[in-house]
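Just below is one structure, and these are the notes that go with it.
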Amino acid sequence: MSYLIKGGTVVSTTGPNPADVLVDGERIVALFAPGTGPQEIETIDATGKYVIPGAIDAHTHMQMPFGGTEASDTFDTGTRAAAFGGTTTIIDFAIQRYGEVVQDGLAAWHAKTAGTCHIDYGFHMILGGVDDESLKAMDQLVADEGITSFKLFMAYPGVFYSDDGQILRAMQRARDNGAMIMMHAENGPAIDVLVKQALERGETDPYHHGVTRPQELEAEATSRAIWLASVAADCPLYIVHLSASKALEQVAAARDLGRNVFAETCPQYLYLTLEDQLGAPGFEGAKWVCSTPLRSKHESHRADLWRGLRTNDLAMVSTDHCPFCMKDQKEMGVGDFSKIPNGIGGVEHRVDLLYQGVVDGKLSLGRWVETIATTPARMFGMYPRKGVIAPGSDADIVLYDPAGRTRIGVDTHHMNMDYSAWEGWEIAGRVDTVISRGTVIVRGGEYEGRAGHGRYVPRGLSDYLV
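UniProt numbering puts the last residue of the sequence shown at 466; the count rises by one with no breaks.
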């Protein structure tokens, strides 16, 4: 089936340009100056709309076991919600726990996604136990499975934690096979001390989740990861969910030296705060418990993160989508904030929340597209199949209405959660139409997709390295 997306403004990393887009089957086949494309063909009217590449969320956790429960979005509900928000590809995290075989962990995630995803998906691999066998598995996953990024944790001792020696070994292997090391950069052992001390003082409310994970321990871990990567001959390093000014300083300094060091941030860190959300009355703050935590509004974190996005010290924005319901999940931490499952749901809202940054003058249109679509594709080996409106690329396309309005709330979102972290927020823009590999899956707010449409995307090596 062929059709022409007509009358819209195509937005690329270099900015907006009026153009008509010809789709044939699952691919984009041509771009035309307005009105010069084929005439006798089905059309989709994009008048007044931005035509952007389908967004890529490179950091999600669907159905992730954590803290004695499991993330509330399945791959079915989570990818359907993502589609409503203009995301046409996710990269989730398969998990190897300590003592497990890496390939068995990957097989478990393939089983979860089989026939359930509404949009395309790939996997990163979490290494919960770095040893000789898991290092060999890294080579096999890069060569045969299309998995070219591996996540390690400096946090969560006894769960996912890797010590510096293990981190260095994994970085050395990644340097040899071309993979990217992704790092949760917080000093876990020091945080555990602060958490224990807070609980002993009777400081049990969700607010104290934030104050026991101070920005200094994020910055220290970020710096340590950067120097370990340097010892590993400049192994490519990607810092996940960066939230704090001091951590950003470490990334910026490394990048100023020409290092292959990259970082993402998330919408929650651009907008929400320790005082207003984690410090909400009673147990309400549990809704916003995530790690790294929300930072203080009395410091410059949010402004610094927006600036980092403009300067490319922050390469892109992901969600770290890991939702839990308040009832029976977040409530596990009543009386002890350390037992609150860590995670915020937001896979449906990233495109809108970053567009609000355009409206507010914090990002250009081109940078909006770059941070939500093009850079994720380049960073994680999917470009130019994904992340760009160009001949030969997958027809993953979003028609975005700058004249529309989006009101976010639990009554309107499609994620499997009993609350919204963004309740009552209004965005000056709206996702109008979502196309995944040539198939319209959202039109005018109505869903036309199906479970099983999404396919696994084997990834190549990053082409974002300096």
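The C-beta atom is built at its ideal place from N, Cα and C for all residues, glycine as well.
Using a Cβ-Cβ cutoff of less than 6 Å, which residues in the same chain neighbour L135 once the five nearest sequence positions on both sides are dropped?
Residue numbering aside, residue 135 sits at position 135 when the sequence shown is read from its first letter. Contacts found: R173.
Can you check which of these residues, Y3, I28 and P34, is closest to T9 by C-alpha distance?
Mapped onto the sequence shown, residue 9 falls at position 9. Closest option to T9, Cα to Cα, is P34.
Taking just the CA atoms, how far does V195 sit from I28?
The sequence position of residue 28 within the sequence shown is 28, counting from 1. The sequence position of residue 195 within the sequence shown is 195, counting from 1. Those two C-alpha atoms are separated by around 52 Å.
Distance check for I52 and T88, CA to CA, integer angstroms please.
In the sequence shown, residue 88 corresponds to position 88, counting from 1. In the sequence shown, residue 52 corresponds to position 52, counting from 1. Spanning the two alpha carbons is a distance of roughly 11 Å.
Contact check, D401 vs K49 under 8 Å by CB: the rounded distance?
Reading the sequence shown from its first residue, position 401 is the one you call residue 401. Reading the sequence shown from its first residue, position 49 is the one you call residue 49. Confirmed, about 5 Å.
Are there 16 or more other CB atoms within 10 angstroms of the CB of W227, so buried, or fewer, so exposed?
What you label residue 227 is simply residue 227 of the sequence shown in a count that begins at 1. It counts as exposed.
Could you check which residue in H209, R443 and Y419 has the C-alpha nearest to that of V334?
Position 334 of the sequence shown, counted from the start, is the residue given in the question as residue 334. Of the candidates H209, R443 and Y419, the one whose C-alpha sits nearest the C-alpha of V334 is H209.
Relative to the alpha-carbon of D352, which residue among R437, E218, I167 and A82 has its alpha-carbon at the smallest distance?
Counting from one through the sequence shown, the residue named residue 352 turns up at place 352. Of the candidates R437, E218, I167 and A82, the one whose C-alpha sits nearest the C-alpha of D352 is A82.
Which stretch, first to last residue, makes up the alpha helix (DSSP H) that contains N177?
Sequence index remark: in the sequence shown, residue 177 carries index 177 (1-based). D164 to N177 is the span of the alpha helix (DSSP H), which, as asked, contains N177.
For the beta strand (DSSP E) that E145 lies in, which residues bound it at each end?
Here residue 145 refers to the residue found at position 145 of the sequence shown. No beta strand (DSSP E) contains E145, which DSSP labels as neither H nor E.
Is it buried or exposed, T311, if we count other Cβ atoms within 10 angstroms and call 16 or more buried?
Taking the first residue of the sequence shown as position 1, residue 311 is located at position 311. Classification of T311: exposed, given that the 10 Å Cβ count is below 16.
By the 10 Å Cβ neighbour count, where 16 or more other Cβ atoms means buried, how is D432 classified, buried or exposed?
In the sequence shown, residue 432 corresponds to position 432, counting from 1. Counting Cβ neighbours within 10 Å, D432 comes out buried, since at least 16 surround it.
Just to check my reading of the structure: C322 and H61 have Cβ atoms closer than 8 Å, yes? What is that Cβ distance to the nearest angstrom?
One-based indexing of the sequence shown puts residue 322 at position 322. One-based indexing of the sequence shown puts residue 61 at position 61. Indeed, because the Cβ distance is near 4 Å, the residues count as touching under 8 Å.
Could you compute how far the alpha carbon of L272 sits from the alpha carbon of L305?
The count along the sequence shown starts at 1 and reaches residue 272 at position 272. The count along the sequence shown starts at 1 and reaches residue 305 at position 305. If I take the Cα positions, the gap works out to 12 Å.
Could you please give the first and the last residue of the uninterrupted beta strand (DSSP E) stretch that includes A229?
As a working mapping, residue 229 is identified with position 229 in the sequence shown. Looking at the DSSP string, A229 is not in any beta strand (DSSP E); the run it does join, the alpha helix (DSSP H), is Q215 to V231.
Do you know whose CA, among G15, E299 and F324, lies nearest E275's CA?
If you number the sequence shown from 1, residue 275 lands on position 275. Out of G15, E299 and F324, E299 has the C-alpha closest to the C-alpha of E275.
Let me check one thing: in DSSP terms, what residues is A30 bridge-paired to?
For this step, residue 30 is matched to residue 30 along the sequence shown. In DSSP, A30 forms a bridge with L22.
If contacts are defined as beta-carbon pairs under 8 Å, then L242 and L314 qualify, I think. What distance do you get, rounded to the angstrom?
Working through the sequence shown from its first residue, we reach residue 242 at position 242. Working through the sequence shown from its first residue, we reach residue 314 at position 314. Going by Cβ atoms, the distance from L242 to L314 rounds to 7 Å, so yes, they are a contact pair.
Let me check one thing: in DSSP terms, what residues is N17 bridge-paired to?
Within the sequence shown, residue 17 is the residue found at index 17, counting from 1. According to DSSP, which records beta bridges pairwise, N17 is partnered with V10.
Tell me the rounded alpha-carbon separation between Y447 and A143.
By one-based count along the sequence shown, residue 447 stands at place 447. By one-based count along the sequence shown, residue 143 stands at place 143. Cα to Cα, Y447 sits roughly 37 Å from A143.
Using the beta-carbon count (16 or more within 10 Å), is A111 buried or exposed?
Stepping through the sequence shown from its first residue, residue 111 is reached at position 111. A111 should be labelled exposed.
Using the three-state DSSP reduction, which class does V193 fall into: helix, strand or coil?
Numbered from its first residue, the sequence shown carries residue 193 at position 193. It is helical.
How would you call P281, buried or exposed, if buried means at least 16 neighbouring beta carbons within 10 angstroms?
Translated into the one-based positions of the sequence shown, residue 281 becomes position 281. The residue in question, P281, is exposed, as its Cβ has fewer than 16 Cβ neighbours within 10 Å.
Is there contact here, the region 443-462 with the region 109-125, by at least three beta-carbon pairs under 8 Å?
Because the criterion of three Cβ pairs below 8 Å is met, the region 443-462 and the region 109-125 touch.
Which of helix, strand or coil does DSSP assign to E70?
As a first step, residue 70 is located in the sequence shown; it is residue number 70 there, counting from the start. In the structure shown, E70 sits in a strand (DSSP, three-state: E or B).
Just to confirm the assignment, what range does the alpha helix (DSSP H) spanning H59 have?
In the sequence shown, residue 59 corresponds to position 59, counting from 1. Looking at the DSSP string, H59 is not in any alpha helix (DSSP H); the run it does join, the beta strand (DSSP E), is A55 to T60.
Of the choices G68, N17 and M1, whose alpha-carbon is the least far from that of D328?
Translated into the one-based positions of the sequence shown, residue 328 becomes position 328. The candidate whose alpha carbon is nearest that of D328 is G68.
Beta carbon of L106, beta carbon of A114: below 9 Å?
Counting from one through the sequence shown, the residue named residue 106 turns up at place 106. Counting from one through the sequence shown, the residue named residue 114 turns up at place 114. No, Cβ-Cβ distance for L106 and A114 is not below 9 Å.
What residues match up with Y271 in a beta bridge as DSSP calls it?
Here residue 271 corresponds to residue number 271 of the sequence shown, with the count starting at 1. Paired residue(s): none; Y271 is not in a bridge.
Rounded to whole angstroms, what's the CA-CA distance from P65 to A108? Just pull it up for me.
By 1-based counting over the sequence shown, the position of residue 65 is 65. By 1-based counting over the sequence shown, the position of residue 108 is 108. The straight-line gap from Cα to Cα measures roughly 12 Å.
Alpha carbon to alpha carbon, how far is T406 from D132?
For the purposes of this step, residue 406 is taken as the residue at position 406 of the sequence shown. For the purposes of this step, residue 132 is taken as the residue at position 132 of the sequence shown. Going by the C-alpha atoms only, they are around 50 Å apart.
Between S245, G129, I389 and A137, which has its C-alpha nearest Q103's C-alpha?
Locating residue 103 in the sequence shown gives position 103, counting from the first residue. Q103 has its Cα closest to that of A137, out of S245, G129, I389 and A137.
Between A232 and the rest of its own chain, which residues show a CB-CB distance below 8 Å, the 5 nearest in sequence each way excluded?
The residue labelled residue 232 in the question sits at position 232 within the sequence shown. The residues are L168, M171, Q172, A174 and R175.
State the Cα-Cα distance for the pair G128 and A219, rounded to the nearest angstrom.
Counted from its first residue, the sequence shown places residue 128 at position 128. Counted from its first residue, the sequence shown places residue 219 at position 219. Those two C-alpha atoms are separated by around 22 Å.
Since N416 and T77 should fall inside the 8 Å C-beta cutoff, what is the C-beta to C-beta distance between them, to a whole number of angstroms?
Taking the sequence shown and counting its residues from 1, the one referred to as residue 416 is at position 416. Taking the sequence shown and counting its residues from 1, the one referred to as residue 77 is at position 77. Indeed, because the Cβ distance is near 4 Å, the residues count as touching under 8 Å.
Bridge partners of V51, per DSSP?
Counting from one through the sequence shown, the residue named residue 51 turns up at place 51. Answer by DSSP bridge pairing, in chain order: V10 and L399.
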